[in-house]
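Numbering (my numbering), first residue to last: 2 to 292.
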(Lines of atoms letter the chains of each structure in order from A and count residues from 1; the text may use other names and numbers.)
(Lines give C-alpha, C1' and ligand atoms only; values in the text may rest on other atoms or scores of the structure.)
Protein backbone atom coordinates (compact mmCIF):
# COMPACT_ATOMS: atom_id res chain seq x y z
CA UNK A 1 0.00 0.00 0.00
CA UNK A 2 1.00 3.62 -0.44
CA UNK A 3 3.87 4.99 1.69
CA UNK A 4 3.74 8.56 3.04
CA UNK A 5 6.26 10.98 4.49
CA UNK A 6 6.77 11.69 8.17
CA UNK A 7 4.41 13.99 10.07
CA UNK A 8 4.84 17.65 9.17
CA UNK A 9 6.30 17.04 5.69
CA UNK A 10 4.16 18.06 2.75
CA UNK A 11 3.14 15.36 0.32
CA UNK A 12 4.53 15.25 -3.19
CA UNK A 13 2.08 15.74 -6.08
CA UNK A 14 2.65 12.14 -7.17
CA UNK A 15 1.69 10.90 -3.69
CA UNK A 16 -1.48 13.00 -3.70
CA UNK A 17 -2.38 11.73 -7.16
CA UNK A 18 -1.89 8.12 -6.02
CA UNK A 19 -4.04 8.64 -2.91
CA UNK A 20 -6.87 10.23 -4.91
CA UNK A 21 -6.72 7.38 -7.40
CA UNK A 22 -7.04 4.79 -4.64
CA UNK A 23 -9.93 6.71 -3.09
CA UNK A 24 -11.80 6.34 -6.37
CA UNK A 25 -11.60 2.56 -6.11
CA UNK A 26 -14.78 0.59 -5.40
CA UNK A 27 -13.01 -2.11 -3.38
CA UNK A 28 -14.02 -1.59 0.27
CA UNK A 29 -10.87 -3.22 1.62
CA UNK A 30 -8.68 -0.82 -0.36
CA UNK A 31 -10.80 2.14 0.73
CA UNK A 32 -10.59 1.11 4.40
CA UNK A 33 -6.82 0.88 4.16
CA UNK A 34 -6.47 4.33 2.56
CA UNK A 35 -8.94 5.89 5.02
CA UNK A 36 -6.83 4.56 7.89
CA UNK A 37 -3.67 6.06 6.36
CA UNK A 38 -5.39 9.41 5.88
CA UNK A 39 -6.50 9.43 9.49
CA UNK A 40 -2.92 8.79 10.62
CA UNK A 41 -1.57 11.63 8.44
CA UNK A 42 -3.24 14.37 10.46
CA UNK A 43 -5.29 17.41 9.48
CA UNK A 44 -2.57 19.39 7.68
CA UNK A 45 -1.79 16.78 5.04
CA UNK A 46 -5.41 15.70 4.66
CA UNK A 47 -6.23 19.36 3.93
CA UNK A 48 -3.45 19.32 1.34
CA UNK A 49 -5.08 16.34 -0.36
CA UNK A 50 -8.49 18.00 -0.14
CA UNK A 51 -7.16 21.08 -1.95
CA UNK A 52 -6.08 18.85 -4.84
CA UNK A 53 -9.29 16.81 -5.03
CA UNK A 54 -11.75 17.70 -7.77
CA UNK A 55 -15.10 18.98 -6.49
CA UNK A 56 -17.97 16.52 -6.78
CA UNK A 57 -15.82 13.39 -7.02
CA UNK A 58 -15.97 10.30 -4.85
CA UNK A 59 -12.34 10.87 -3.82
CA UNK A 60 -13.08 14.37 -2.53
CA UNK A 61 -16.07 13.09 -0.54
CA UNK A 62 -13.84 10.44 1.06
CA UNK A 63 -11.26 13.06 2.04
CA UNK A 64 -13.96 15.36 3.44
CA UNK A 65 -15.34 12.48 5.53
CA UNK A 66 -11.92 11.76 7.03
CA UNK A 67 -11.32 15.44 7.77
CA UNK A 68 -14.69 15.68 9.51
CA UNK A 69 -13.83 12.73 11.74
CA UNK A 70 -10.42 14.23 12.54
CA UNK A 71 -12.25 17.28 13.93
CA UNK A 72 -14.51 15.21 16.20
CA UNK A 73 -14.13 15.29 20.00
CA UNK A 74 -12.03 12.60 21.69
CA UNK A 75 -13.52 9.15 22.13
CA UNK A 76 -13.80 9.69 25.88
CA UNK A 77 -15.72 12.92 25.30
CA UNK A 78 -18.01 11.16 22.85
CA UNK A 79 -18.76 8.44 25.40
CA UNK A 80 -19.41 11.04 28.08
CA UNK A 81 -21.95 12.75 25.83
CA UNK A 82 -23.42 9.40 24.87
CA UNK A 83 -23.90 8.40 28.49
CA UNK A 84 -25.73 11.64 29.21
CA UNK A 85 -28.17 11.53 26.29
CA UNK A 86 -30.96 9.54 27.91
CA UNK A 87 -32.10 9.29 31.49
CA UNK A 88 -30.98 5.97 32.93
CA UNK A 89 -29.84 4.39 29.68
CA UNK A 90 -27.91 4.91 26.45
CA UNK A 91 -28.86 4.26 22.85
CA UNK A 92 -27.37 0.92 21.82
CA UNK A 93 -26.81 1.77 18.16
CA UNK A 94 -25.06 5.06 18.88
CA UNK A 95 -22.95 3.43 21.57
CA UNK A 96 -21.94 0.38 19.54
CA UNK A 97 -20.93 2.48 16.53
CA UNK A 98 -19.04 4.94 18.76
CA UNK A 99 -17.12 1.98 20.17
CA UNK A 100 -16.07 1.03 16.63
CA UNK A 101 -13.95 4.21 16.54
CA UNK A 102 -11.60 2.65 19.09
CA UNK A 103 -10.36 0.21 16.47
CA UNK A 104 -11.42 2.02 13.30
CA UNK A 105 -11.32 5.79 13.85
CA UNK A 106 -11.61 6.26 10.09
CA UNK A 107 -14.69 4.06 9.61
CA UNK A 108 -17.59 5.58 7.65
CA UNK A 109 -20.16 4.52 10.23
CA UNK A 110 -23.15 6.19 8.59
CA UNK A 111 -22.79 3.65 5.78
CA UNK A 112 -23.32 0.78 8.20
CA UNK A 113 -26.41 2.45 9.66
CA UNK A 114 -27.64 2.92 6.08
CA UNK A 115 -26.99 -0.77 5.41
CA UNK A 116 -29.19 -1.69 8.38
CA UNK A 117 -31.86 0.68 7.06
CA UNK A 118 -31.77 -1.05 3.66
CA UNK A 119 -31.94 -4.49 5.27
CA UNK A 120 -35.01 -3.41 7.25
CA UNK A 121 -36.63 -1.98 4.12
CA UNK A 122 -36.26 -5.33 2.36
CA UNK A 123 -37.59 -7.30 5.31
CA UNK A 124 -40.46 -4.98 6.29
CA UNK A 125 -42.99 -6.20 3.65
CA UNK A 126 -42.39 -9.79 4.79
CA UNK A 127 -42.88 -9.35 8.52
CA UNK A 128 -45.13 -7.66 11.07
CA UNK A 129 -45.40 -7.49 14.86
CA UNK A 130 -48.98 -8.75 14.38
CA UNK A 131 -47.70 -12.05 12.97
CA UNK A 132 -47.35 -15.11 15.17
CA UNK A 133 -44.06 -14.85 17.12
CA UNK A 134 -42.70 -18.08 15.61
CA UNK A 135 -43.32 -16.79 12.10
CA UNK A 136 -41.54 -13.54 12.94
CA UNK A 137 -38.57 -15.42 14.35
CA UNK A 138 -38.34 -17.80 11.38
CA UNK A 139 -38.51 -14.89 8.94
CA UNK A 140 -35.81 -12.96 10.83
CA UNK A 141 -33.61 -16.05 11.05
CA UNK A 142 -33.94 -16.83 7.34
CA UNK A 143 -33.13 -13.23 6.42
CA UNK A 144 -30.10 -12.85 8.71
CA UNK A 145 -28.57 -16.31 8.63
CA UNK A 146 -29.62 -17.72 5.25
CA UNK A 147 -29.97 -14.70 2.97
CA UNK A 148 -27.17 -12.64 4.50
CA UNK A 149 -25.08 -15.48 5.90
CA UNK A 150 -24.36 -14.17 9.39
CA UNK A 151 -22.86 -16.80 11.66
CA UNK A 152 -20.99 -17.23 14.91
CA UNK A 153 -17.21 -17.02 14.88
CA UNK A 154 -15.86 -20.43 15.85
CA UNK A 155 -12.98 -20.77 18.32
CA UNK A 156 -13.21 -17.11 19.30
CA UNK A 157 -11.95 -17.88 22.82
CA UNK A 158 -8.71 -19.43 21.58
CA UNK A 159 -8.22 -16.95 18.70
CA UNK A 160 -8.89 -13.47 20.13
CA UNK A 161 -9.76 -10.92 17.47
CA UNK A 162 -11.34 -7.50 18.13
CA UNK A 163 -13.03 -7.69 14.72
CA UNK A 164 -15.41 -10.22 16.28
CA UNK A 165 -16.75 -7.36 18.44
CA UNK A 166 -16.63 -4.23 16.28
CA UNK A 167 -19.98 -4.01 14.47
CA UNK A 168 -18.55 -2.64 11.22
CA UNK A 169 -16.27 -5.66 10.85
CA UNK A 170 -18.97 -8.09 11.97
CA UNK A 171 -21.24 -6.66 9.27
CA UNK A 172 -18.45 -6.83 6.68
CA UNK A 173 -17.31 -10.38 7.53
CA UNK A 174 -20.77 -11.72 8.54
CA UNK A 175 -19.40 -13.38 11.67
CA UNK A 176 -18.74 -12.39 15.26
CA UNK A 177 -19.29 -12.95 18.97
CA UNK A 178 -22.70 -13.84 20.42
CA UNK A 179 -23.28 -10.31 21.71
CA UNK A 180 -22.29 -8.71 18.39
CA UNK A 181 -24.68 -10.88 16.37
CA UNK A 182 -27.37 -10.32 19.01
CA UNK A 183 -26.85 -6.56 18.71
CA UNK A 184 -27.31 -6.66 14.93
CA UNK A 185 -30.50 -8.68 15.50
CA UNK A 186 -31.75 -6.08 17.99
CA UNK A 187 -30.93 -3.11 15.76
CA UNK A 188 -32.77 -4.68 12.84
CA UNK A 189 -35.74 -5.63 15.04
CA UNK A 190 -36.03 -2.07 16.37
CA UNK A 191 -36.25 -0.71 12.85
CA UNK A 192 -39.21 -3.05 12.33
CA UNK A 193 -40.88 -2.32 15.70
CA UNK A 194 -40.50 -5.94 16.76
CA UNK A 195 -40.43 -6.76 20.50
CA UNK A 196 -36.94 -8.26 20.74
CA UNK A 197 -34.75 -7.71 23.81
CA UNK A 198 -31.24 -8.60 24.91
CA UNK A 199 -30.73 -11.38 27.45
CA UNK A 200 -27.52 -11.27 29.46
CA UNK A 201 -27.00 -14.99 29.96
CA UNK A 202 -23.56 -15.55 31.52
CA UNK A 203 -20.82 -16.23 28.95
CA UNK A 204 -23.28 -16.47 26.04
CA UNK A 205 -25.43 -13.49 25.14
CA UNK A 206 -28.78 -14.26 23.48
CA UNK A 207 -32.02 -12.42 22.65
CA UNK A 208 -35.69 -13.04 23.26
CA UNK A 209 -38.98 -12.26 21.57
CA UNK A 210 -41.30 -10.73 24.18
CA UNK A 211 -44.91 -11.92 24.10
CA UNK A 212 -48.06 -10.52 25.72
CA UNK A 213 -48.69 -13.87 27.41
CA UNK A 214 -45.35 -13.60 29.26
CA UNK A 215 -44.08 -16.65 27.38
CA UNK A 216 -40.96 -15.12 25.98
CA UNK A 217 -39.16 -17.07 23.25
CA UNK A 218 -35.37 -17.26 23.56
CA UNK A 219 -33.15 -17.50 20.50
CA UNK A 220 -29.42 -17.68 19.91
CA UNK A 221 -28.12 -15.50 17.02
CA UNK A 222 -24.66 -17.05 17.42
CA UNK A 223 -26.16 -20.39 16.37
CA UNK A 224 -28.24 -19.12 13.44
CA UNK A 225 -31.14 -18.02 15.62
CA UNK A 226 -31.74 -21.41 17.22
CA UNK A 227 -34.86 -21.31 19.41
CA UNK A 228 -34.16 -22.26 23.02
CA UNK A 229 -36.39 -23.23 25.91
CA UNK A 230 -35.63 -22.06 29.43
CA UNK A 231 -34.40 -25.57 30.28
CA UNK A 232 -32.11 -25.63 27.24
CA UNK A 233 -30.60 -22.33 28.36
CA UNK A 234 -30.03 -23.84 31.80
CA UNK A 235 -28.38 -26.88 30.18
CA UNK A 236 -26.02 -24.62 28.22
CA UNK A 237 -24.83 -23.06 31.46
CA UNK A 238 -24.58 -26.40 33.24
CA UNK A 239 -22.36 -27.79 30.47
CA UNK A 240 -20.09 -24.81 31.04
CA UNK A 241 -20.14 -25.47 34.80
CA UNK A 242 -22.03 -22.26 35.47
CA UNK A 243 -24.92 -22.46 37.95
CA UNK A 244 -28.29 -21.44 36.55
CA UNK A 245 -29.88 -18.70 38.65
CA UNK A 246 -33.21 -16.93 38.58
CA UNK A 247 -31.66 -13.86 36.95
CA UNK A 248 -29.58 -15.79 34.39
CA UNK A 249 -32.13 -14.99 31.67
CA UNK A 250 -33.04 -11.46 32.67
CA UNK A 251 -33.56 -8.73 30.11
CA UNK A 252 -30.70 -6.23 30.08
CA UNK A 253 -30.51 -2.53 29.26
CA UNK A 254 -28.64 -0.98 26.35
CA UNK A 255 -26.07 0.36 28.81
CA UNK A 256 -25.43 -3.17 30.08
CA UNK A 257 -25.11 -4.53 26.54
CA UNK A 258 -22.61 -1.85 25.58
CA UNK A 259 -20.62 -2.33 28.78
CA UNK A 260 -20.45 -6.08 28.17
CA UNK A 261 -19.21 -5.48 24.62
CA UNK A 262 -16.47 -3.27 26.03
CA UNK A 263 -15.49 -5.81 28.69
CA UNK A 264 -15.22 -8.46 25.96
CA UNK A 265 -12.82 -6.15 24.13
CA UNK A 266 -10.81 -5.67 27.32
CA UNK A 267 -10.29 -9.44 27.50
CA UNK A 268 -9.42 -9.57 23.80
CA UNK A 269 -6.85 -6.80 23.94
CA UNK A 270 -5.34 -8.23 27.13
CA UNK A 271 -4.84 -11.55 25.33
CA UNK A 272 -3.17 -9.66 22.47
CA UNK A 273 -0.86 -7.78 24.83
CA UNK A 274 -2.33 -4.39 23.92
CA UNK A 275 -2.02 -2.76 27.35
CA UNK A 276 -2.56 0.82 26.18
CA UNK A 277 -5.82 -0.10 24.48
CA UNK A 278 -6.93 -1.97 27.61
CA UNK A 279 -6.36 1.20 29.64
CA UNK A 280 -8.34 3.25 27.13
CA UNK A 281 -11.24 0.81 27.32
CA UNK A 282 -11.14 0.86 31.13
CA UNK A 283 -11.53 4.65 31.04
CA UNK A 284 -14.43 4.37 28.60
CA UNK A 285 -16.17 1.80 30.82
CA UNK A 286 -15.79 4.14 33.80
CA UNK A 287 -17.11 7.03 31.73
CA UNK A 288 -20.15 5.02 30.70
CA UNK A 289 -20.88 3.77 34.22
CA UNK A 290 -20.42 7.19 35.84
CA UNK A 291 -23.74 8.49 34.48
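Using N, Cα and C, we set each Cβ at its ideal position, and we do this for glycine too.
Inset, instruction - Count the other CB atoms, across all protein chains shown, that sit within 10 Å of the CB of residue 56; report buried if there are 16 or more and exposed otherwise. - result: Burial call: exposed.
Legend entry - Alpha-carbon spacing of residue 21 relative to residue 283, whole angstroms: Approximately 37 Å, taken between the alpha carbons.
Legend entry - Straight-line gap, residue 173 to residue 152 (C-alpha atoms, nearest Å): Residue 173 and residue 152 have their C-alpha atoms spaced approximately 12 Å apart.
Legend entry - Beta-carbon proximity of residue 178 to residue 265, cut-off 9 Å: Yes.
Legend entry - Beta-carbon proximity check, residue 36 vs residue 108, cutoff 9 Å: Between residue 36 and residue 108, the CB-CB gap stays under 9 Å.
Legend entry - Contact check, residue 161 vs residue 259, beta carbons under 9 Å: For the pair residue 161 and residue 259, the CB atoms are not nearer than the 9 Å cut-off.
Legend entry - Whole-angstrom distance between residue 138 and residue 127, CA atom to CA atom: In a straight line, the C-alpha of residue 127 is about 12 Å away from that of residue 138.
Inset, instruction - Would you kindly work out how many angstroms separate the C-alpha atoms of residue 42 and residue 249, rounded to a whole number? - result: Whole-angstrom Cα-Cα distance: 47 Å.
Legend entry - As assigned by DSSP and simplified to three states, the class of residue 223: Helix.
Inset, instruction - Quick one: grab the DSSP three-state call for residue 162. - result: In this structure, residue 162 counts as coil in the three-state DSSP scheme.
Inset, instruction - Measure the beta-carbon distance from residue 189 to residue 262 and round it to whole angstroms, keeping in mind my assumption that it falls under 8 Å. - result: Beta-carbon to beta-carbon, residue 189 and residue 262 are separated by about 17 Å, too far to satisfy the 8 Å threshold.
Inset, instruction - Take residue 150 and list the residues in its own chain whose beta-carbon comes closer than 8 Å to its own, dropping the five residues that flank it on each side. - result: Closer than 8 Å at Cβ, skipping near neighbours: 175.
Legend entry - Bridge partners - residue 208, DSSP secondary structure assignment: DSSP output for residue 208 lists 199, 220 as bridge partner(s).
Legend entry - Whole-angstrom distance between residue 268 and residue 81, CA atom to CA atom: Straight-line spacing of the CA atoms in residue 81 and residue 268 works out to 22 Å.
Inset, instruction - Ignore the nearest five residues each way along the sequence and tell me which others in residue 194's own chain have a CB closer than 8 Å to its CB. - result: Answer for residue 194: 130, listed in chain order.
Legend entry - For residue 51, the first and last residue of its enclosing alpha helix (DSSP H): Start and end: 44-53.
Inset, instruction - With a threshold of 16 other CB atoms inside 10 Å of the CB of residue 222, please say whether the residue is buried or exposed. - result: The residue in question, residue 222, is buried, as its Cβ has 16 or more Cβ neighbours within 10 Å.
Legend entry - Paired residues, beta bridge with residue 17 - DSSP: According to DSSP, which records beta bridges pairwise, residue 17 is partnered with nothing at all.
Legend entry - Per DSSP, cross-strand counterpart(s) of residue 152: DSSP links residue 152 through a beta bridge to 176.
Legend entry - Within 9 Å, strictly: CB atoms of residue 76 and residue 285: Yes; because the gap between Cβ atoms is below 9 Å, this pair is in contact.
Inset, instruction - Starting from residue 142, trace the alpha helix (DSSP H) both ways and give me its first and last residue. - result: Residues 134-142.
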